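Beneath this line is the structure, given in structure tokens, with notes to follow.
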Amino acid sequence: MASAHTPGELPQGELNPSLRQQVLVGAGWMTGLQLLSKVIEVGFIAVLARLLTPADFGVIAGATIFVQFTSMLVEIGIGATLVQLPSLSRDDIRVAGTLVFLNSIGYFAATQLLAPLAGWFLHIPEVTPVLRVLSLVFLMQAFGVVSENLLLRKILVKHVMLAQLFSRLIGTGLIGLALAWSGLGYWALVAATLAETGIKAAILCMVERPPLRPLLKGPIARKLLQRSSGFSASRLINFVALRADNAVVGRMMDAASLGLYSRAYNLMSVPADLYGRIAERVIFPALARVQDDAARLRSAYLRGVELTAVIGIPLSALLAILAPEVIALILGPKWTNVIVPFAVLSSASYFRLGAKISASLQRAKGAVASMIVNQIVYAGLVVGGCLATYRFGIATLAQAVAASVIVSFLLISVNACRLVGVSPRSFAVAHLPGLLLAGLVTAVAYPVTAIARLNAQEPFVVLAFAGAAVGSVGVALLLTRPRWLMGEMGAGMAATALFKVKQRRRKHA
């Protein structure tokens, strides 16, 4: 069993310096570029929310449920398998690419035939033509899956993130906004999605050129499919849980309600998506490399939990406190019905973050059975909770979803701790820096926000006051007690970034 450690103390069996440095550098690049990407994305959402209606977003949200679900079927878990396999041959890569491409053709054809069923299920007829056009994503995606995951296997996160960032700037920033401004409604979002997917796949193929000659060898195909089946099953069940609330709202309510709820959920998901990308593209490959070294794996997991808590717990508190201002500033006055569900979902957003690091550990260890059990329980809770509460409105439905997320976090964390021999005390101690920082954020932000609201300040002014207060205290503590509040891995990332800045200054001096 792992022994408990204080926030400033290294647990035994820590990552070797080279891998630890790779993880820190990769996570640093990932965090910076993903944060920039999310800031840009939120900016685009702010503009689109003023050009489009909730019903427009509802149509796209409905079609996206089916597109994202089918996109995972197209990949069939091949991406995670390419990252996780201990050794990889050229033939393995060729067979993987062939399987994904054949799958994409099949699902594109199936979507053309079955799209009317999606419109019927959601009671949103506009979903049918939108889904047929969006299914082109499957063909585009097939060209980038192998390249992206080969880069992730090498922990070359920067290349993947730059491709994603550039494609978003062109797809949504240039094409999507221009078409929305022209009055094309939800078709502007369709065009933006297609452009983003195609540009990203093209860039990835140019950066990491996979062998393009198709190849199907029975033994290799069976090896890849057997290994990937567990990853696929877990991801598909997890998808059902993550999108069941949208499906229930679309089916039982209307497109406008789905548009409102999906905006609340998507904004709440920004921190989880940001960290989820880090977990998938940096932490999972790193954990996979040390999956057979119990001490190093345990150390890596505890550091990951610590960093996740430092990021997620304070952010959950801050978003819940500032929900009215966040919605008013980003979405505008016609989206006030989003405030309460956004605040409710945000209060539980850390538990989504925390579940991702434990899921990365289970994936790295190939603990497929426990992953699937966790996701089945989570999916059941979400579906049951949504069906029981949708009659009372999207705010009550959001409470059911938040409760399901918390229960899922507890289950997956218990399983992950058992898998690597981490005691409950060590797991709890790893959360202390995040809890301390969250307490500080709440103590500073809440009174400042309350005073600003009493003086009827504009949303931007309230956010500016709260941000300045929290930021000032945070910088002071960062300079004096970084490990006490940021944890070992967070402090390591900060130290690495500071060292690189100093190096660059010396070069230019």
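With the working numbering, letter number 393 in the sequence shown gets 389, and the count goes up by one each step, no holes. Each residue gets a CB set at the ideal place from its N, CA and C atoms; glycine is no exception. Just so it is clear, the structure is predicted and the values come from calculations on it, not from any experiment.
Three-way DSSP call (helix, strand, coil) for SER400 in this model: Here residue 400 is taken as the residue at index 404 of the sequence shown, counted from 1. Helix.
Alpha-carbon to alpha-carbon, PRO329 and LEU450: Position 454 of the sequence shown, counting from 1, holds the residue named residue 450. Position 333 of the sequence shown, counting from 1, holds the residue named residue 329. LEU450 and PRO329: Cα-Cα distance of roughly 19 Å.
Three-way DSSP call (helix, strand, coil) for ALA363 in this model: Numbered from its first residue, the sequence shown carries residue 363 at position 367. The DSSP-derived three-state label of ALA363 is coil.
The stretch 80 to 96 contacting the stretch 33 to 48, beta-carbon criterion three pairs below 8 Å: Judged by Cβ distances under 8 Å, the stretch 80 to 96 makes no contact with the stretch 33 to 48, as fewer than three pairs qualify.
Per-residue DSSP class, three states only, for ARG205: Reading the sequence shown from its first residue, position 209 is the one you call residue 205. The answer is coil: DSSP assigns ARG205 none of H, G, I, E or B.
Under 8 Å between C-beta atoms of LEU341 and ALA384: Taking the first residue of the sequence shown as 1, we reach residue 341 at position 345. Taking the first residue of the sequence shown as 1, we reach residue 384 at position 388. In this structure, ALA384 does not lie closer than 8 Å to LEU341 by Cβ.
Of the listed residues ALA106, GLY75, VAL379, nearest to GLU144 (C-alpha basis): What you label residue 144 is simply residue 148 of the sequence shown in a count that begins at 1. When only C-alpha atoms are compared, the closest one is GLY75.
Rounded distance between the beta-carbons of GLY255 and ASP52, thought under 8 Å: Here the question's residue 52 lines up with position 56 in the sequence shown. Here the question's residue 255 lines up with position 259 in the sequence shown. The Cβ separation is near 7 Å, so the contact holds.
Beta-carbon spacing of ALA188, ILE199 below 8 Å: Within the sequence shown, the letter at position 192 stands for residue 188. Within the sequence shown, the letter at position 203 stands for residue 199. Their beta carbons are not under 8 Å apart, which means ALA188 does not touch ILE199 by this criterion.
ALA465 beta carbon less than 8 Å from that of ALA446: Here residue 446 is taken as the residue at index 450 of the sequence shown, counted from 1. Here residue 465 is taken as the residue at index 469 of the sequence shown, counted from 1. No. Outside cutoff.
Beta-carbon proximity of VAL418 to ARG502, cut-off 8 Å: Indexing the sequence shown from 1 puts residue 418 at position 422. Indexing the sequence shown from 1 puts residue 502 at position 506. No, the pair does not count as a contact, with Cβ atoms beyond the cut-off.
Simplified DSSP assignment, three categories, for GLN499: Mapped onto the sequence shown, residue 499 falls at position 503. Three-state DSSP puts GLN499 in a helix.
Residue span of the alpha helix (DSSP H) that contains MET68, given as start and end: Counting from one through the sequence shown, the residue named residue 68 turns up at place 72. Note, MET68: alpha helix (DSSP H), 50 to 71.
Three-pair Cβ contact test at 8 Å for the stretch 306 to 322 versus the stretch 366 to 378: no
VAL410 beta carbon near the ligand PLP (any heavy atom closer than 7 Å): This structure simply doesn't include the ligand PLP, nor any ligand for that matter.
CA-to-CA distance, THR193 to VAL126, given in whole angstroms: For the purposes of this step, residue 126 is taken as residue 130 along the sequence shown, with counting starting at 1. For the purposes of this step, residue 193 is taken as residue 197 along the sequence shown, with counting starting at 1. So the alpha carbons of these two residues sit roughly 16 Å apart.
Proximity below 8 Å, CB of ALA448 to CB of PHE461: By one-based count along the sequence shown, residue 448 stands at place 452. By one-based count along the sequence shown, residue 461 stands at place 465. It is a contact, given that the beta carbons lie within the stated cut-off.
Supposed contact pair ARG348 and ALA268 - C-beta distance, whole angstroms, cut 8 Å: Counting from one through the sequence shown, the residue named residue 268 turns up at place 272. Counting from one through the sequence shown, the residue named residue 348 turns up at place 352. Rounded, the Cβ-Cβ distance is 4 Å, consistent with contact.
Same chain, Cβ closer than 6 Å to ARG46, neighbours up to 5 away in sequence not counted: Counting from one through the sequence shown, the residue named residue 46 turns up at place 50. So the qualifying residues of the chain are GLY328.
Alpha helix (DSSP H) segments (min. 4 residues) lying fully within the stretch 401 to 463: 420 to 425, 428 to 450
VAL203 beta carbon less than 8 Å from that of ALA252: In the sequence shown, counting from the first residue as 1, residue 252 sits at position 256. In the sequence shown, counting from the first residue as 1, residue 203 sits at position 207. Contact flag unset, no.
Euclidean distance between Cα positions of ALA339 and ASP87: Working through the sequence shown from its first residue, we reach residue 339 at position 343. Working through the sequence shown from its first residue, we reach residue 87 at position 91. Cα-Cα distance, rounded: 50 Å.
Euclidean distance between Cα positions of ALA313 and THR304: Within the sequence shown, numbered from 1, the residue matching residue 313 stands at position 317. Within the sequence shown, numbered from 1, the residue matching residue 304 stands at position 308. About 14 Å.
Cα-Cα separation, ALA(-2) to LEU406: By one-based count along the sequence shown, residue -2 stands at place 2. By one-based count along the sequence shown, residue 406 stands at place 410. Low per-residue confidence applies at ALA(-2): pLDDT is 40, beneath 50, and the placement is therefore not dependable enough to give any value.
Meets three-Cβ-pair contact criterion under 8 Å: the stretch 237 to 248 and the stretch 257 to 267: yes
Anticipated Cβ contact below 8 Å, ILE326 with LEU185, distance rounded: In the sequence shown, residue 326 corresponds to position 330, counting from 1. In the sequence shown, residue 185 corresponds to position 189, counting from 1. Rounded, the Cβ-Cβ distance is 17 Å, inconsistent with contact.
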